[in-house]
Amino acid sequence: MLLKLVNVENKINLERLIFVRPQETLDINIAFDKDLYEPNDKVGLKISSNAGLDKNILASVKVTDVSSLLKIPKYKHQPTLPSMVFMEKEVLD
37 MLLKLVNVEN
47 KINLERLIFV
57 RPQETLDINI
67 AFDKDLYEPN
77 DKVGLKISSN
87 AGLDKNILAS
97 VKVTDVSSLL
107 KIPKYKHQPT
117 LPSMVFMEKE
127 VLD
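Heads up: the sequence shown begins at 37 in our numbering, then just goes up one per residue.
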């Protein structure tokens, strides 16, 4: 919940994001159709919850390939410590 405190001119003086504990917990289970995936494979998900059939749930699912976030530099020769610390123009051989 977003809490805003405004003055008499309706200008925001304070804005806080607060957490309101829900009345009941919701367990969500996500199962994949395979353990490992290759690039460009389609991902099959089965999403279930303990909410029951009489309740509607609004949800959003995002899948990210974390291996694409890892930046592993590829060097022909392992750099020395000074060349890793200083800018390239500052390194004197």
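All C-beta atoms, glycine included, are put in the ideal place defined by N, C-alpha and C.
Nothing here was measured: the structure is a model prediction, and the numbers come from that model.
Give the C-beta separation of residue i and residue j to the nearest angstrom, bearing in mind that I take them to be a contact with Cβ-Cβ under 8 Å.
| i | j | result |
| --- | --- | --- |
| L41 | I54 | About 12 Å; that fails the 8 Å criterion. |
Between the options, which has its C-alpha nearest residue i's C-alpha?
| i | options | result |
| --- | --- | --- |
| V56 | K91, M37 and S84 | M37 |
| K78 | D101, Q114 and N43 | D101 |
| K82 | I66, D71, E45 and L89 | I66 |
| E74 | N49, P58, S103 and I64 | S103 |
| D69 | Q59, E60, G80 and N43 | G80 |
Short of 8 Å in beta carbon distance, which residues of its chain neighbour residue i, apart from the five on each side in sequence? Order them along the chain.
| i | result |
| --- | --- |
| L62 | S85, N86, A87 and I93 |
| E51 | L38, L39, K40 and L41 |
Beta-carbon within less than 6 Å of residue i's beta-carbon, same chain only, minus the 5 sequence neighbours each way: which residues are those?
| i | result |
| --- | --- |
| D49 | Before going on, a small fix: residue 49 reads as Asn here, not Asp. These residues qualify, in order along the chain: L41 and N43. |
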